[in-house]
Structure formats: structure tokens, C-alpha cells
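Chemist: To get the numbering used here, take the position in the sequence shown, counting from 1, and add 1.
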Amino acid sequence: MTTHPTVTLPEGMRVMTHEQMRAVHDAVRDAARRVSVWGYKADEISYDALAAAGVFVPPPAPEPGTCTAQFLPTNAREHGPGTLGVWQACVIEPRHEGSQHTSGTVGWHDSNPGAVPANPADKE
Ligand SMILES: [Zn+2]
């Protein structure tokens, strides 16, 4: 089983394991073929539908050369389609000061639900 960084989410919400994400992807692609829909479009629809239900994809690997803090927007009142359930990666330099991060479009604090603080291994 693949693990990913621990993230604290509002009650009832969760992040899928990589194995569950693979199973969703395979089921969506099979269904897309049956109903003649492009697979990438079906993926987009399925991930938005899962996010609306509070089930999210695992975080991607952090980009090299940037802060490793990540954030999962889970509040549908604050984040619209295209951002809700889409992992945000901090674009500030590694080991920057403070606990406030930004992806350029979304800002967050390490204490916010959905925040994954920077990897302590980066703080040497
Ligand atoms: Zn940061």
C-alpha cells in the first residue's frame, strides 16, 4: 500500500489511497469507452464528483526547488470548480520563513484543514 503525507481534513472527508485512485481511474476509463466519452474528460468529471462528496485524490510529489508545503482546498464555499479538491503546492523557495504558503492563486497557513506542512527534512 502506498502512503502519502498526513493531512487533516474536515470530518467525513478523506484522501484516496493510490490503489483506490487507480481503481477509480480504471472504472472511469472502462465506462468512458462504453459510452464513447474521451477518457480525460471522464477523469475530470469523476474527480470533481468525488471532490463534491469529500473524497480526494492523493497529493502529487512536490516540485523540486520549492517549498514542499501543500494544501487541499476542501471548502466548497471558499473554493470553486477547478480549485476545490485540486492540490496546491507552495511556490516559495524551500525553507522559507513562517507558516504561510501560497500556490500563486491560493494562500494557506499550516494550521488550516487540508494543509500538509513542509517536509521537516527540508528544514535542515
Ligand atoms: Zn511554503
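Here a beta-carbon is modelled for each residue, glycine too, at the ideal position from N, C-alpha and C.
Write down every uninterrupted run of the alpha helix (DSSP H) in the region 11 to 94 whose length is 4 residues or greater and which is fully enclosed by it, in chain order.
Modeler: The region 11 to 94 contains these whole alpha helix (DSSP H) runs: 19 to 35 and 40 to 53.
Chemist: Return yes when the C-beta of residue 70 is under 6 Å from any heavy atom of ligand 1, and no when it is not.
Modeler: Correct: residue 70 has its Cβ closer than 6 Å to ligand 1.
Chemist: What did DSSP end up calling residue 119 once you bin it into helix, strand or coil?
Modeler: Looking at residue 119 - three-state DSSP - the assignment turns out to be coil, as it is neither helix nor strand.
Chemist: Which same chain residues, not among the five before or five after residue 101, have their C-beta less than 6 Å away from its C-beta?
Modeler: Excluding positions up to five away in sequence, the list reads 110.
Chemist: Which of the three DSSP states is assigned to residue 105 in this structure?
Modeler: Correct three-state label for residue 105: coil.
Chemist: Between the alpha carbons of residue 1 and residue 19, how many angstroms are there, rounded?
Modeler: Absent from the structure is residue 1, since the part of the chain shown begins at 2 and ends at 125.
Chemist: Do residue 110 and ligand 1 come close, with the Cβ less than 6 Å from some heavy atom?
Modeler: Flag unset: Cβ of residue 110 not near ligand 1.
Chemist: Is it the case that the CB of residue 128 approaches a heavy atom of ligand 1 more closely than 6 Å?
Modeler: Outside the shown range of the chain, which is 2 to 125, sits residue 128, and nothing can be said about it.
Chemist: Pick out whichever of 119, 53, 7 and 36 has its Cα sitting closest to the Cα of residue 67.
Modeler: That would be 119, whose Cα lies nearest to the Cα of residue 67.
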